[in-house]
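Chains as they are written, first to last, in the numbering used here: chain S, 1 to 124; chain E, 1001 to 1187. Backbone N, C-alpha and C fix where the C-beta goes; we use that ideal spot for every residue, glycine too. Inspection log for the structure reproduced underneath, given as structure tokens.
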């Protein structure tokens, strides 16, 4: 399975999904004018990985801002992982953030608040 | 167009504490560029937290115009971009950010209902409403490009209750003005 790499722009995330190691990195800012269009290949990749590779997934967020339509998409992405986790898949999520940036940390906590996915919060 | 009115225009903006005002086609490129300017310029005077709140409200208001303004500019084929205006103002203690665009009267009633409901909610109520809407709006076939939760997010970030006005133009259309306020926090 191929890796998924998308270079960042001012309003879209840097995506680096590695199929060999199951490491998924998302970083930057997310406020595209069409969030669903941007996130669709990400959902597709994860679904294919679950189907074909079926190994542990480590998701790392280094996001400093996301708008409301991206928040809807991130919630959907996490819901796909939640389903995998409930079906015995191994998933770990880490939210990396800078000190003092409580607002974005709260926004992340709201994304996972009703999911049972294990997550870590990492300062720095 | 009146003649020699540029000075009046600029004076008026200065007297009203306008930091910037943009009227026209609100494309994604324009949003990105104004957003950058907000971060750079406000970052000199107020805390990062304040800057990011103003930035986030700016993004929601401007993308709302881009997607939903009834006044549209055709870019290519079937792609159109909303036309409207967005203004950032200040006094010593507070930033006010306002958007103004045209809506169809058919939609005005729904917008009014949504805004009036949001205005009745406190912080906790807004949070619950936001989370509930985000969850229930996971509709992949939905036509809407926005999340429909932008107004709730703006209300959550605003330090004063959301202000809105719907001003009738004729039997088909109205102006819709939405404003939020952010208290300045020192660096």
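Is residue i helix, strand or coil by DSSP?
i                      : result
residue 1173 (chain E) : strand
residue 1184 (chain E) : coil
residue 123 (chain S)  : strand
residue 1105 (chain E) : helix
residue 55 (chain S)   : coil
residue 1159 (chain E) : coil
residue 20 (chain S)   : coil
residue 1093 (chain E) : coil
residue 64 (chain S)   : strand
residue 37 (chain S)   : helix
residue 1079 (chain E) : strand
residue 1164 (chain E) : strand
residue 1188 (chain E) : Residue 1188 (chain E) falls outside the range modelled here, since chain E spans only 1001 to 1187, and no answer is possible.
residue 1113 (chain E) : helix
residue 10 (chain S)   : coil
residue 1002 (chain E) : coil
residue 25 (chain S)   : strand
residue 4 (chain S)    : strand
residue 117 (chain S)  : coil
residue 87 (chain S)   : coil
For residue i versus residue j, is the C-beta spacing smaller than 8 Å?
i                      : j                      : result
residue 1095 (chain E) : residue 1184 (chain E) : yes
residue 1154 (chain E) : residue 1186 (chain E) : no
residue 39 (chain S)   : residue 96 (chain S)   : no
residue 1112 (chain E) : residue 1167 (chain E) : no
residue 1157 (chain E) : residue 1053 (chain E) : yes
residue 1060 (chain E) : residue 67 (chain S)   : yes
residue 1152 (chain E) : residue 1118 (chain E) : yes
residue 1082 (chain E) : residue 1072 (chain E) : yes
residue 49 (chain S)   : residue 19 (chain S)   : yes
residue 1018 (chain E) : residue 1089 (chain E) : yes
residue 35 (chain S)   : residue 69 (chain S)   : yes
residue 17 (chain S)   : residue 7 (chain S)    : no
residue 13 (chain S)   : residue 63 (chain S)   : yes
residue 94 (chain S)   : residue 76 (chain S)   : no
Counting only Cβ pairs nearer than 7 Å, list the residues of chain S close to residue i.
i                      : result
residue 1186 (chain E) : Residues of chain S passing the Cβ test: none, with the nearest at roughly 14 Å.
residue 1082 (chain E) : Under the 7 Å cutoff, chain S gives no residues; its nearest Cβ is about 10 Å from residue 1082 (chain E).
residue 1153 (chain E) : 68
residue 1059 (chain E) : 31 and 67
Kindly list, in the order they appear in chain E, the residues whose Cβ is closer than 9 Å to that of residue i.
i                     : result
residue 103 (chain S) : 1049, 1052, 1053, 1056 and 1157
By the DSSP assignment, the alpha helix (DSSP H) with residue i in it spans what residues?
i                      : result
residue 108 (chain S)  : 102-112
residue 1054 (chain E) : 1048-1068
residue 1038 (chain E) : 1028-1042
Please report the residue range of the beta strand (DSSP E) in which residue i lies.
i                      : result
residue 97 (chain S)   : 91-97
residue 1125 (chain E) : Element bounds for residue 1125 (chain E): not the beta strand (DSSP E) but the alpha helix (DSSP H), 1123-1136.
residue 1017 (chain E) : From DSSP, residue 1017 (chain E) is part of no beta strand (DSSP E); its letter is neither H nor E.
Name, please, each residue of chain E whose Cβ falls closer than 7 Å to the Cβ of residue i.
i                     : result
residue 110 (chain S) : 1131
residue 116 (chain S) : Near residue 116 (chain S) there are no residues of chain E at all, since even the closest Cβ is about 15 Å away, more than 7 Å.
residue 84 (chain S)  : Within 7 Å Cβ-Cβ: nothing; residue 84 (chain S) doesn't reach chain E, min ~17 Å.
Residue i versus chain S: which residues are under 8 Å apart at the beta carbon?
i                      : result
residue 1066 (chain E) : 33
| Taking Cβ-Cβ distances below 9 Å as the criterion, which residues of the segment 1022-1036 of chain E are in contact with chain S? | 1027, 1028, 1031, 1032, 1033, 1035 and 1036
| query | What residues in the segment 1157-1187 of chain E bring their beta carbon closer than 7 Å to a beta carbon of chain S? | reply | none
| request: May I ask you to list, following chain order, the residues of the segment 1106-1130 of chain E that have a beta carbon less than 9 Å from some beta carbon of chain S? | output: 1127 and 1130
| message | Using a Cβ-Cβ cutoff of 8 Å, what residues of the segment 1070-1103 of chain E are near chain S? List them in chain order. | response | none
| task | Please name the residues in the segment 42-57 of chain S whose beta-carbon is closer than 7 Å to at least one beta-carbon of chain E, in chain order. | result | none
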